[in-house]
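Notes follow once the structure below has been shown.
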Amino acid sequence: KNEVEQSPQNLTAQEGEFITINCSYSVGISALHWLQQHPGGGIVSLFMLSSGKKKHGRLIATINIQEKHSSLHITASHPRDSAVYICAVRGGSNQFYFGTGTSLTVIP
Amino acid sequence: KAGVTQTPRYLIKTRGQQVTLSCSPISGHRSVSWYQQTPGQGLQFLFEYFSETQRNKGNFPGRFSGRQFSNSRSEMNVSTLELGDSALYLCASSFEVNTEAFFGQGTRLTVV
Numbered sequence: 001k002n003e004v005e006q007s008p009q010n011l012t013a014q015e016g017e018f019i020t021i022n023c024s025y026s027v028g029i030s031a032l033h034w035l036q037q038h039p040g041g042g043i044v045s046l047f048m049l050s051s052g053k054k055k056h057g058r059l060i061a062t063i064n065i066q067e068k069h070s071s072l073h074i075t076a077s078h079p080r081d082s083a084v085y086i087c088a089v090r091g092g093s094n095q096f097y098f099g100t101g102t103s104l105t106v107i108p
Numbered sequence: 001k002a003g004v005t006q007t008p009r010y011l012i013k014t015r016g017q018q019v020t021l022s023c024s025p026i027s028g029h030r031s032v033s034w035y036q037q038t039p040g041q042g043l044q045f046l047f048e049y050f051s052e053t054q055r056n057k058g059n060f061p062g063r064f065s066g067r068q069f070s071n072s073r074s075e076m077n078v079s080t081l082e083l084g085d086s087a088l089y090l091c092a093s094s095f096e097v098n099t100e101a102f103f104g105q106g107t108r109l110t111v112v
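One line per chain: the protein sequences are A and B, in this order. Our numbering puts the first residue of the first sequence at 1, with every later residue one more than the last. Our numbering puts the first residue of the second sequence at 1, with every later residue one more than the last.
Right under this line is the structure:
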């Protein structure tokens with residue numbers, strides 16, 4: 001069993017739709033990261049969370065420590081949001097664990 | 001402010017050879033971590049350095065090693081390359097351990 005599970009694996013949306021990507025983890029964590037990876041490999045760190053909620057532009061990330069669950073929301077999705085979104089956690093032993101990623105395609 | 005720089009961007013090596021990859025962190029950042037990304041295994045943590053000391057190590061064989069210099073630049077070395085080592089190797093830097101990380105573009109290693 002993976003320490004970090006993401007859903008869905010693949011997601012296709014129409015431009016303008018509200019998108020939610022979920023991440024569940026099974027280890028104690030000190031922080032959770034949401035990463036964005038575009039074709040070609042470059043990774044951008046979107047959020048680092050240890051509690052509550054963060055917002056950056058059209059992106060919102062929430063975390064529920066008790067339920068060991070985080071969500072990444074994209075409001076008013078745009079084709080440029082098409083990318084792979086990866087959930088990563090830093091475990092109590094300082095090890096990093098990664099989800100397998102959610103491939104998002106936003107169609108104009 | 002320059003971002004995280006990884007060199008080289010692309011590399012082709014033969015089985016059995018060794019390779020050294022370099023990562024220059026953002027100026028002022030003291031923590032550097034390394035990751036391997038393959039289609040089959042996804043992203044996996046290799047190791048993390050802070051102020052020239054290895055803080056954490058992932059579950060990789062001893063052929064994978066790294067170090068960090070006094071200027072925070074880091075190198076990772078893979079000896080006796082295997083076909084399965086073909087991957088995108090990413091490094092990330094942060095000001096301190098467990099602060100926001102900034103990723104480099106990666107080094108794509110192909111072992112033939």
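Glycine included, C-beta positions come from ideal geometry on N, C-alpha and C.
So with CB distances below 8 Å, who are the chain A contacts of residue i?
| i | result |
| --- | --- |
| residue 30/B | Under the 8 Å cutoff, chain A gives no residues; its nearest Cβ is about 15 Å from residue 30/B. |
| residue 101/B | 33, 45, 48 |
| residue 58/B | 95, 96 |
Could you work out which residues of chain B lie near residue i, taking near to mean beta carbons separated by less than 8 Å?
| i | result |
| --- | --- |
| residue 132/A | No statement about residue 132/A is possible, as the shown extent of chain A runs from 1 to 108 and does not include it. |
| residue 100/A | 42 |
Once DSSP output is grouped into helix, strand and coil, what is the label at residue i?
| i | result |
| --- | --- |
| residue 108/B | strand |
| residue 84/B | helix |
| residue 67/B | strand |
| residue 55/B | strand |
| residue 14/B | coil |
In terms of residue numbering, what span does the beta strand (DSSP E) encompassing residue i cover?
| i | result |
| --- | --- |
| residue 68/A | Careful: residue 68/A lies outside any beta strand (DSSP E) and carries neither H nor E. |
| residue 95/A | Neither: residue 95/A is in no beta strand (DSSP E) and is coded neither H nor E. |
| residue 115/B | Past the boundaries of the shown model lies residue 115/B; chain B is included only from 1 to 112, so the question cannot be answered. |
| residue 47/B | 42-50 |
| residue 75/B | 74-78 |
| residue 44/A | 43-49 |
| residue 13/A | 10-14 |
| residue 78/A | Looking at the DSSP string, residue 78/A is not in any beta strand (DSSP E), and its letter there is neither H nor E. |
List, in order along the chain, the chain B residues whose C-beta lies closer than 7 Å to that of residue i?
| i | result |
| --- | --- |
| residue 96/A | 45 |
| residue 113/A | No answer is possible for residue 113/A: the residues shown for chain A start at 1 and end at 108. |
Mind pulling the chain A residues with CB within less than 9 Å of residue i?
| i | result |
| --- | --- |
| residue 62/B | Correct list: empty, because the minimum Cβ distance to chain A is about 18 Å. |
Exposed or buried, what is residue i when buried is set at 16 or more other beta-carbons lying within 10 Å of its beta-carbon?
| i | result |
| --- | --- |
| residue 82/B | exposed |
| residue 48/B | buried |
| residue 2/B | exposed |
| residue 76/A | exposed |
| residue 37/B | buried |
Give the interface partners of residue i over in chain A, defined as CB-CB distance under 7 Å, in chain order.
| i | result |
| --- | --- |
| residue 88/B | 41 |
| residue 98/B | 30, 31, 90 |
| residue 55/B | 94 |
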